[in-house]
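Report on the structure given below.
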Amino acid sequence: MYTQALDLPDNAAAKAAAPASHEAGPMARFEACIDADGRIEPQDWMPEAYRKTLVRQISQHAHSEIIGMQPEGNWISRAPSLKRKAILIAKVQDEGGHGLYLYSAAETLGTSRDQMLDGLHTGRAKYSSIFNYPTLNWADVGVIGWLVDGAAIMNQIPLCRCSYGPYARAMIRICKEESFHQRQGYEALLTMMQGTPAQRALVQDAVNRWWWPVLAMFGPPDADSLHSGQSMRWGIKRISNDDLRQRFVDATVPQAKVLGVSLPDPDLTWNEERQHHDYGAIDWDEFWSTVNGNGPCNRERLATRVKAHNDGQWVRDAALAHAEKQQRRAMKEAA
Ligand SMILES: [Fe+2]
Ligand SMILES: [Fe+2]
19 MYTQALDLPD NAAAKAAAPA SHEAGPMARF EACIDADGRI EPQDWMPEAY
69 RKTLVRQISQ HAHSEIIGMQ PEGNWISRAP SLKRKAILIA KVQDEGGHGL
119 YLYSAAETLG TSRDQMLDGL HTGRAKYSSI FNYPTLNWAD VGVIGWLVDG
169 AAIMNQIPLC RCSYGPYARA MIRICKEESF HQRQGYEALL TMMQGTPAQR
219 ALVQDAVNRW WWPVLAMFGP PDADSLHSGQ SMRWGIKRIS NDDLRQRFVD
269 ATVPQAKVLG VSLPDPDLTW NEERQHHDYG AIDWDEFWST VNGNGPCNRE
319 RLATRVKAHN DGQWVRDAAL AHAEKQQRRA MKEAA
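Counting the sequence shown from 1 gives a position; this note's numbering is that position plus 18.
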């Protein structure tokens with residue numbers, strides 16, 4: 019449940035540091051709260067651009083969780099054992115839950131669930147480009163856990179300190195679950211790598227296909243990133259796209275070594291001077307083409323989502339009819 023109407027105690031100091039209402043306008047109080055690393059809550063005044071940025075980011079994030087259920091959901095009926103099936107069902111269900119927390123967080127900013135879903139279903143709203151790639155073999159499920167959830171954790175840990183309270187609190191719980199997702203993926207791959215040459219080849223093939231789209235998940239380079247500067251100033255974004263990408267590469271290289279797979283980048287080398295790995299150029303044309311609807315699975319993903327929504331209409335109708343009946347009964351008893 020959300021504590022959207024409450025100021026959390028650790029926020030009191032930052033709010034107290036802000037000038038009192040008779041001394042300064044709402045903008046000055048907002049800025050002072052941000053500068054003091056406080057949290058903005060739904061009932062607080064906020065600039066319209068801050069609200070819009072958050073609605074865009076949180077709803078895109080929610081859509082990504084919901085669409086992200088599809089590539090792995092495709093493998094639930096084909097999981098190689100009961101144990102793997104149970105893990106995968108739990109993981110895909112978690113992603114659905116993440117979408118719901120995030121829609122709730124966005125609703126505290128005054129946008130409705132219907133508006134957000136309409137944006138997704140009509141193709142106006144974006145979601146993470148990574149979910150427009152296909153899952154061709156069982157190793158893809160492991161690689162999604164290891165690399166896609168791994169990249170998501172790298173992106174999302176700093177969001178636990180986001181200046182907007184409901185988003186930050188949703189991210190704390192989400193990150194705990196993402197950590198299980200990453201581990202289950204890596205463990206599934208370790209098992210396959212101890213198997214037959216054919217199983218090892220499946221893992222390597224999946225890593226080759228997912229590596230570059232995963233690096234693109236962190237978004238365009240800082241120099242071309244449209245919203246980054248303002249989001250950093252507002253405490254929505256804490257670490258830049260390029261810095262997050264670098265951290266991810268540095269963390270993943272040793273994991274690939276333990277696993278026994280190679281990463282498909284001939285330019286990937288340790289740079290002693292920078293104390294980081296250098297890596298090759300990302301194909302941004304492919305990234306933008308996928309974001310703009312022309313990736314391998316964009317149409318399929320959207321069509322599946324719209325069909326699921328339409329197929330669920332009777333559930334929404336029944337829930338509304340039940341709620342109305344309950345309300346009528348309560349009013350009758352009160353009369
Ligand atoms: Fe998730
Ligand atoms: Fe996840």
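For every residue, glycine included, the Cβ atom is placed at its ideal position computed from N, Cα and C.
message: I'd like the span of the beta strand (DSSP E) that includes N150, first residue to last.
response: Mapped onto the sequence shown, residue 150 falls at position 132. For N150, no beta strand (DSSP E) run applies, since DSSP gives it neither H nor E.
A31, buried or exposed, once every other Cβ within 10 Å from all chains shown has been counted against 16: Walking along the sequence shown from the start, residue 31 turns up at place 13. Low confidence applies here, because A31 scores a pLDDT of 49, under 50, leaving its location unreliable; read the following figure in that light. Burial state of A31 is exposed, judged by a 10 Å Cβ sphere holding fewer than 16 other Cβ atoms.
field: For A97 and D160, believed in contact at Cβ under 8 Å, the rounded distance
entry: Within the sequence shown, numbered from 1, the residue matching residue 160 stands at position 142. Within the sequence shown, numbered from 1, the residue matching residue 97 stands at position 79. Sequence check: residue 160 is Gly here, not Asp. Contact between G160 and A97 fails: their C-beta atoms lie close to 11 Å from each other, not under 8 Å.
message: Going residue by residue through the region 128 to 209, where are the continuous alpha helix (DSSP H) segments of at least 4 residues, counting only ones entirely within it?
response: Taking only runs of at least 4 residues, the alpha helix (DSSP H) segments lying wholly in the region 128 to 209 are 131 to 139, 156 to 161 and 167 to 174.
- request: Report yes if the C-beta of H340 is less than 7 Å from at least one heavy atom of ligand 2; otherwise report no.
  value: Locating residue 340 in the sequence shown gives position 322, counting from the first residue. No.
- request: Put T214 into one of helix, strand or coil per three-state DSSP.
  value: Within the sequence shown, residue 214 is the residue found at index 196, counting from 1. In the displayed model, T214 falls within coil according to three-state DSSP, outside both helix and strand.
- request: Taking only heavy atoms of ligand 1 into account, decide whether any of them is closer than 7 Å to the Cβ of E113.
  value: Against the sequence shown, residue 113 aligns to sequence position 95. Under cutoff, so the answer is yes.
Buried or exposed by the 16-neighbour rule on C-beta atoms within 10 Å, applied to D285: Locating residue 285 in the sequence shown gives position 267, where the first residue counts as 1. Flag for D285 reads exposed.
query: Out of curiosity, what's the CA-to-CA distance linking S39 and R74?
result: For the purposes of this step, residue 39 is taken as the residue at position 21 of the sequence shown. For the purposes of this step, residue 74 is taken as the residue at position 56 of the sequence shown. With a pLDDT of 49 at S39, under the threshold of 50, the modelled position of this residue cannot be trusted, and the question is left open.
field: Same chain, Cβ closer than 8 Å to S147, neighbours up to 5 away in sequence not counted
entry: Residue mapping note: residue 147 aligns to position 129 of the sequence shown, counting from 1. Correct list, in chain order: P231, A234, M235, F305, T308, V309 and G313.
- prompt: What do you get for S77, buried or exposed, if any count of 16 or more other CB atoms within 10 angstroms of its CB means buried?
  reply: Within the sequence shown, residue 77 is the residue found at index 59, counting from 1. Taking every protein chain shown into account, the CB of S77 has 16 or more other CB atoms within 10 angstroms, so this residue is buried.
message: Which residues neighbour ligand 2 when neighbourhood means a C-beta less than 5 Å away from any of its non-hydrogen atoms? List them by chain order.
response: Summarising the contact set, residues whose Cβ lies nearer than 5 Å to any heavy atom of ligand 2 are, in chain order, D167, E196 and H199.
field: DSSP three-state assignment for H245, whether helix, strand or coil
entry: Sequence index remark: in the sequence shown, residue 245 carries index 227 (1-based). It is coil, neither helix nor strand.
- request: Report back the beta-carbon spacing between L120 and A80 to the nearest angstrom; my notes put them in contact at under 8 Å.
  value: Along the sequence shown, one-based indexing puts residue 120 at 102. Along the sequence shown, one-based indexing puts residue 80 at 62. Sure, about 4 Å apart at Cβ, within 8 Å.
- prompt: Assuming I254 and S181 make a contact with CB atoms under 8 Å, what is their CB distance in whole Å?
  reply: Residue numbering aside, residue 254 sits at position 236 when the sequence shown is read from its first letter. Residue numbering aside, residue 181 sits at position 163 when the sequence shown is read from its first letter. The beta-carbon distance between I254 and S181, rounded to whole angstroms, is 6 Å. This is short enough to meet the 8 Å contact definition.
query: From this set, K325, R251, W164 and A188, which residue's C-alpha is nearest V221's C-alpha?
result: Translated into positions along the sequence shown, residue 221 becomes position 203. In this structure, W164 is the residue among K325, R251, W164 and A188 with its C-alpha nearest to the C-alpha of V221.
query: Just how far apart, CA to CA, sit G43 and D240?
result: For the purposes of this step, residue 43 is identified with residue 25 of the sequence shown, where counting begins at 1. For the purposes of this step, residue 240 is identified with residue 222 of the sequence shown, where counting begins at 1. Cα to Cα, G43 sits roughly 33 Å from D240.
Buried or exposed (CB count within 10 angstroms, at least 16 for buried), K275: Here the question's residue 275 lines up with position 257 in the sequence shown. Classification of K275: exposed, given that the 10 Å Cβ count is below 16.
- prompt: Would you report the Cα separation of L208 and H340, rounded to the nearest angstrom?
  reply: As a position in the sequence shown, residue 208 is number 190, starting the count at 1. As a position in the sequence shown, residue 340 is number 322, starting the count at 1. Straight-line Cα distance between these residues: approximately 49 Å.
field: Residues near N92 in its chain [Cβ-Cβ closer than 7 Å; skip 5 each side]
entry: Residue mapping note: residue 92 aligns to position 74 of the sequence shown, counting from 1. T153.
- prompt: So is K109 buried or exposed if we call it buried at 16+ other beta carbons inside 10 Å?
  reply: Position 91 of the sequence shown, counting from 1, holds the residue named residue 109. In summary, K109 is buried, with 16 or more beta-carbon neighbours lying within 10 Å of its beta-carbon over all protein chains present.
message: Closest to F266 by C-alpha separation, out of V333, I171 and R317, would be which residue?
response: Residue 266 sits at position 248 when you count from the first residue of the sequence shown. Relative to F266, the option among V333, I171 and R317 whose CA is nearest is I171.
task: Provide the residue(s) that pair with I355 in DSSP beta bridges, ordered along the chain.
output: Residue 355 is absent from the model: the chain starts at 19 and stops at 353.
message: Checking 8 Å against the spacing of the C-beta atoms, do L6 and L72 come in under that value?
response: Here the chain covers residues 19 to 353 and nothing more, so residue 6 does not appear.
field: F149 beta carbon less than 8 Å from that of A248
entry: In the sequence shown, counting from the first residue as 1, residue 248 sits at position 230. In the sequence shown, counting from the first residue as 1, residue 149 sits at position 131. Note that residue 248 corresponds to Gln in the displayed sequence, not to Ala. Contact annotation: Q248 and F149 have beta-carbon atoms that are not nearer than 8 Å.
- request: Could you tell me the boundaries of the beta strand (DSSP E) in which D296 lies?
  value: On the sequence shown, residue 296 is found 278 positions in, with the first residue counted as 1. From DSSP, the beta strand (DSSP E) with D296 extends over H294 to D296.
Segment limits, alpha helix (DSSP H) that includes N259: The residue you call residue 259 lines up with position 241 of the sequence shown. Here the alpha helix (DSSP H) through N259 covers N259 to L277.
query: Any heavy atom of ligand 1 closer than 7 Å to the CB of I300?
result: In the sequence shown, residue 300 corresponds to position 282, counting from 1. The answer is no for I300.
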